[in-house]
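Worksheet for the structure shown next.
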Amino acid sequence: MKKIHRVLAMLMAAIMALSRITTAFAEPTIDPAKNASLSIYKYDITKAGNDGAWDAESYVSTGLHDDAVIDKLAKYAIQGVEFTYLRVADITMNNEVLDGQRTVGVLYGFDGSERSNTVLSAIGLTAADAHKTDNGIDYFTSDMLNNKLAAALAANATSAKNALETAVKSGGVAMSETDATGHTSASDMEQGLYLIVETRVPENVTSTCNPFFVSLPMTTIDGAAWNYDVTVYPKNQTGNPDLEKTVREAKNSTGKNNGSLTDITDGYAHTATASVGDTVDYQIISTLPTITSKASSLSEYTYVDTMSKGIKYNKNDVVIEFFRDAGCTDKIATWDESSGKFTVGYDDAVNTMTIRMTDTGLSEINEATTVYTDSVKRGYSDCTMRLTYAAALTADAKMGDTDNPNEVELTWRRTNNTYFDTLKDCCHVYTYGVDVLKRFSDNGGNMKNVKFRLHNDTDDCYIIADLKDGIYYAKGITSKKSDATTFIPNSSGHIVVKGLEDDTYSLTEIATDKGYVLLRDAVKIVIKTAENGQCEKCSATLLIAAATVNSKDASMTDGNAIVPLTVINNPGFDLPKTGGYGVWMYTVGGVLLLGAAAFIAVKSRKHKSEK
């Protein structure tokens with residue numbers, strides 16, 4: 110009898126690979142009345158490996174509580190992971206005659222229930238693969254179970270994981286989520302063969318560990334004893350999506366962009382300048398996180414976009430595109446607001462736009478088969494998501510080096526809704542202005558008779574503006590001179606125009622008061638920007654402005670917001686009054702001469718008649 114027990118112990122050692130772990134010391138025979146326990150420690154193997162704290166080749170799984178491993182990987186613990194276990198088979202002793210020899214060993218009996226058949230089907234096993242079938246129970250060897258599980262995962266890990274996740278959720282027991290140390294456990298477990306599957310993960314887990322079988326109890330590495338308290342250290346791969354928000358002027362007449370709707374590099378940057386009334390194009394680009402199974406699926410993917418007060422959403426124009434590549438050239442799909450795959454909401458009080466993926470949209474992101482067919486990845490895993498929309502610069506925009514920041518925050522969750530993470534990025538829009546002070550050299554003149562026109566030479570257009578509280582706010586442009594705004598000084602002689610971009614302008618005086626001389630030429634105003642400093646949020650290089658007036662440096666005011674200049678009109682030259690009097694005398698003399706001639710003519714006719 111002792112020999113049989115010894116053989117059984119050695120056989121159990123041979124099937125240790127069933128879960129790739131071993132057991133602690135106990136009696137060499139199983140105590141059928143004793144329950145078992147399972148402890149799992151979950152660590153971020155991606156980060157640990159990158160930091161040089163983990164080397165899979167040097168670690169030997171033993172099934173024992175290992176303080177050295179726990180201490181080494183403590184700071185890489187992952188909280189919020191759920192494992193589910195399902196008892197799938199009994200551990201039985203096999204005693205049969207093979208090739209004339211009495212043969213004993215361990216088999217695992219699957220009872221033919223729907224639960225058992227689901228597990229076997231998921232790894233490609235049928236009753237025909239069983240070592241034997243007895244009374245409706247299919248008995249399999251550990252080699253067969255291990256090999257088939259490994260083959261299924263190698264062929265299509267996503268499909269195998271999904272099928273096994275479905276199996277354990279039907280009749281399995283969910284363990285408590287891993288705590289801050291990455292630990293979870295279950296006790297008072299009935300002896301048998303268990304399938305362990307990772308069923309819920311926090312936001313940073315990209316790939317769940319492979320499902321595995323574990324025998325409770327199981328033998329030690331030397332095959333001499335049984336351990337009822339098994340500890341395993343399955344590994345997770347982690348990673349996060351990324352996020353970038355950029356902006357450009359919508360118009361392409363300035364040469365800053367070509368107006369392409371598909372080229373993500375066409376003029377888009379973290380900074381832009383614009384005039385009030387201009388439309389600016391925004392794009393948000395995010396690389397989706399890795400998705401490998403249902404457990405790592407996304408349950409939320411939401412963007413909250415916040416504009417500065419001086420920028421107003423166009424609304425109803427959001428488009429989402431998906432691409433296989435980071436350069437956004439290999440398109441997979443396009444969604445618009447009518448697709449039902451995302452919703453868009455606006456809060457005008459705080460100037461925000463929320464773009465939230467719906468269940469239908471998330472299902473496509475998680476389950477689509479257009480990208481991966483024979484791969485560990487699934488859905489739109491690691492694909493590029495591009496959002497585009499537009500907004501307009503308003504009169505409330507801040508000016509000068511005090512820019513108008515626009516921030517976006519991405520929130521995503523996986524199957525464990527308790528845990529989420531966020532990413533933020535931003536871009537910046539700048540705008541400027543001019544302050545023209547009109548003066549008459551003799552302090553005379555009527556300001557109401559003075560008129561100017563402002564032309565954007567860079568865009569070859571005239572400025573249209575609204576007057577509010579003595580200040581002009583640019584609101585648009587026109588190619589027609591007749592439609593351009595006529596700028597008139599206020600009572601203090603100022604013409605303040607706000608909301609101009611960094612371009613070259615011509616300020617033309619088109620009328621002045623009676624008796625004063627108009628400017629001979631238009632005044633050339635150049636507003637230019639240069640890189641200066643860095644944004645703490647998005648690391649973008651910020652801008653600083655400078656200006657020239659008729660090619661001479663001008664000191665901008667109000668934080669480099671306003672270009673100041675003064676226009677002086679001088680009186681015209683007076684023509685001598687004698688000149689005017691002389692003309693009058695010639696006129697009178699001419700009239701007298703004409704009268705004399707008429708008198709002479711009449712007298713002459715009278716004289717002839719008398720003769």
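Per this note's numbering, numbering of the sequence shown is gapless, rising by one per residue and ending at 720.
Beta carbons are placed, not taken as given, at the ideal position from N, Cα and C, and that holds for glycine.
All values derive from a computational prediction rather than experimental measurement.
Does residue 589 pass the burial test, meaning 16 or more other C-beta atoms within 10 Å, or should it be called exposed? Here the question's residue 589 lines up with position 480 in the sequence shown. Result: exposed.
In the structure shown, what three-state DSSP assignment does residue 131 receive? One-based indexing of the sequence shown puts residue 131 at position 22. With a pLDDT of only 37 at residue 131, under 50, the local geometry of the prediction cannot be trusted, and the value read off the model is given with reservation. Correct three-state label for residue 131: coil.
Can you tell me where the beta strand (DSSP E) holding residue 295 begins and where it ends? Here residue 295 refers to the residue found at position 186 when the sequence shown is read from its first residue. Residue 295 -> beta strand (DSSP E) spans 292-298.
Assumed close pair residue 493, residue 437 - CB separation to whole angstroms, cut-off 8 Å: Taking the first residue of the sequence shown as position 1, residue 493 is located at position 384. Taking the first residue of the sequence shown as position 1, residue 437 is located at position 328. Indeed, because the Cβ distance is near 6 Å, the residues count as touching under 8 Å.
Buried or exposed: which applies to residue 515, given that a residue is buried once 16 or more other Cβ atoms fall within 10 Å of its Cβ? Stepping through the sequence shown from its first residue, residue 515 is reached at position 406. Buried is the call here.
Could you tell me which residues DSSP puts in a beta bridge with residue 304? Mapped onto the sequence shown, residue 304 falls at position 195. Residue 304 is bridged to 195, 322.
Local conformation of residue 163 per DSSP, three classes: For the purposes of this step, residue 163 is identified with residue 54 of the sequence shown, where counting begins at 1. Residue 163 falls in the coil class under three-state DSSP.
Residue interval of the alpha helix (DSSP H) (run including residue 264): Taking the first residue of the sequence shown as position 1, residue 264 is located at position 155. Segment 251-278, the alpha helix (DSSP H) holding residue 264.
As assigned by DSSP and simplified to three states, the class of residue 610: Translated into the one-based positions of the sequence shown, residue 610 becomes position 501. Per DSSP, reduced to three states, the secondary structure at residue 610 is coil, with no helix or strand assignment.
Cβ neighbours of residue 369 in the same chain (closer than 6 Å, five flanking residues each side left out): As a position in the sequence shown, residue 369 is number 260, starting the count at 1. Within the same chain, residue 369 has close Cβ partners 375.
Rounded separation between residue 276 and residue 229 - CA only: Taking the sequence shown and counting its residues from 1, one reaches residue 276 at position 167. Taking the sequence shown and counting its residues from 1, one reaches residue 229 at position 120. In a straight line, the C-alpha of residue 276 is about 10 Å away from that of residue 229.
Please list the terminal residues of the continuous beta strand (DSSP E) segment that includes residue 473. Indexing the sequence shown from 1 puts residue 473 at position 364. Per DSSP, residue 473 belongs to no beta strand (DSSP E); it is in the alpha helix (DSSP H), 468-476.
Under the three-state DSSP convention, the category residue 238 falls into: One-based indexing of the sequence shown puts residue 238 at position 129. It is helical.
Buried or exposed for residue 552, going by 16 or more other Cβ atoms inside 10 Å? Position 443 of the sequence shown, counting from 1, holds the residue named residue 552. The residue is exposed, with fewer than 16 neighbouring Cβ atoms inside 10 Å.
Own chain, CB closer than 7 Å to residue 460, minus 5 neighbours either side, in chain order: In the sequence shown, residue 460 corresponds to position 351, counting from 1. Around residue 460: 415, 416, 418.
Is it the case that the Cβ atoms of residue 740 and residue 373 are separated by a distance below 9 Å? It is not possible to answer for residue 740, since the shown part of the chain is limited to 110 through 720.
Leaving out the 5 sequence neighbours to the left and right, which residues in its chain are closer than 7 Å to residue 770 when beta-carbon positions are compared? Any answer about residue 770 is impossible in this case: the structure gives the chain only from 110 up to 720.
Residues in the same chain with beta-carbon distance under 6 Å from residue 537, minus the five sequence neighbours each way, listed in chain order, please. Here the question's residue 537 lines up with position 428 in the sequence shown. Hits under 6 Å: 380, 512, 514.
Straight-line CA distance for residue 389 to residue 501? If you number the sequence shown from 1, residue 389 lands on position 280. If you number the sequence shown from 1, residue 501 lands on position 392. Their backbone Cα atoms lie some 6 Å apart in a straight line.
Quick one, are the C-beta atoms of residue 215 and residue 251 less than 9 Å apart? The residue labelled residue 215 in the question sits at position 106 within the sequence shown. The residue labelled residue 251 in the question sits at position 142 within the sequence shown. Yes, the Cβ-Cβ distance between residue 215 and residue 251 is below 9 Å.
Give the straight-line distance between the Cα atoms of residue 596 and residue 618, rounded to the nearest whole angstrom. For the purposes of this step, residue 596 is taken as residue 487 along the sequence shown, with counting starting at 1. For the purposes of this step, residue 618 is taken as residue 509 along the sequence shown, with counting starting at 1. Their Cα atoms are separated by approximately 9 Å.
Using DSSP bridges, identify the partner residues of residue 437. Counting from one through the sequence shown, the residue named residue 437 turns up at place 328. In DSSP, residue 437 forms no bridge with anything.
Short check: CB of residue 243 to CB of residue 225, under 9 Å? Here residue 243 refers to the residue found at position 134 when the sequence shown is read from its first residue. Here residue 225 refers to the residue found at position 116 when the sequence shown is read from its first residue. Taking 9 Å as the cut-off, the Cβ atoms of residue 243 and residue 225 do not count as close.
By how many angstroms is the C-alpha of residue 676 removed from the C-alpha of residue 626? Here residue 626 is taken as the residue at index 517 of the sequence shown, counted from 1. Here residue 676 is taken as the residue at index 567 of the sequence shown, counted from 1. Rounded to the nearest angstrom, the two C-alpha atoms are 11 Å apart.
So residue 230 is in the alpha helix (DSSP H); what residue range does that whole segment cover? Within the sequence shown, numbered from 1, the residue matching residue 230 stands at position 121. From DSSP, the alpha helix (DSSP H) with residue 230 extends over 223-231.
Residues in the same chain with beta-carbon distance under 6 Å from residue 89, minus the five sequence neighbours each way, listed in chain order, please. An answer regarding residue 89 cannot be provided, because it is not within the stretch 110 to 720 covered by the chain.
Opposing strand residues paired with residue 620 [DSSP bridges]: As a first step, residue 620 must be located in the sequence shown, where it is residue number 511. DSSP, once it has assigned bridges, lists 560 as partnering residue 620.
Among all the DSSP beta bridges, which residues are the ones paired with residue 218? As a working mapping, residue 218 is identified with position 109 in the sequence shown. Looking at the DSSP assignment, residue 218 forms a beta bridge with 199, 248.
Within 10 angstroms of the Cβ of residue 202, are there 16 or more other Cβ atoms? Answer buried if so, exposed if not. The residue you call residue 202 lines up with position 93 of the sequence shown. When all chains shown are included, residue 202 counts as exposed.
What residues in its chain sit with their C-beta under 6 Å from that of residue 668, if we drop five residues either side in the sequence? As a working mapping, residue 668 is identified with position 559 in the sequence shown. So the list reads 509, 510, 511, once near-sequence residues are dropped.
Residue 674 by DSSP, collapsed to three states: which one? For the purposes of this step, residue 674 is taken as the residue at position 565 of the sequence shown. Looking at residue 674 - three-state DSSP - the assignment turns out to be strand.
State the Cα-Cα distance for the pair residue 695 and residue 558, rounded to the nearest angstrom. Here residue 695 is taken as the residue at index 586 of the sequence shown, counted from 1. Here residue 558 is taken as the residue at index 449 of the sequence shown, counted from 1. Residue placement at residue 695 cannot be trusted, given a pLDDT of 49 that sits under 50; what the coordinates show is reported in the next sentence. If I take the Cα positions, the gap works out to 36 Å.
Whole angstroms is fine: what's the gap from residue 124's alpha carbon to residue 301's? In the sequence shown, counting from the first residue as 1, residue 124 sits at position 15. In the sequence shown, counting from the first residue as 1, residue 301 sits at position 192. Because residue 124 sits at a pLDDT of 40, beneath the cut-off of 50, its placement in the model cannot be relied upon, and the following sentence gives the value as read from the coordinates. When rounded, the distance between both Cα atoms is 14 Å.
State the CB to CB distance for the pair residue 799 and residue 270, rounded to an integer number of angstroms; the pair is presumed to be in contact (CB under 8 Å). What the structure shows of the chain is the stretch from 110 to 720, and residue 799 is not part of that stretch, so it cannot be assessed.
What are the boundary residues of the beta strand (DSSP E) that residue 393 is part of? Taking the sequence shown and counting its residues from 1, the one referred to as residue 393 is at position 284. Residues 388-396.
Which value, in whole angstroms, describes the spacing of the CA atoms of residue 659 and residue 563? Counted from its first residue, the sequence shown places residue 659 at position 550. Counted from its first residue, the sequence shown places residue 563 at position 454. Residue 659 and residue 563: Cα-Cα distance of roughly 15 Å.
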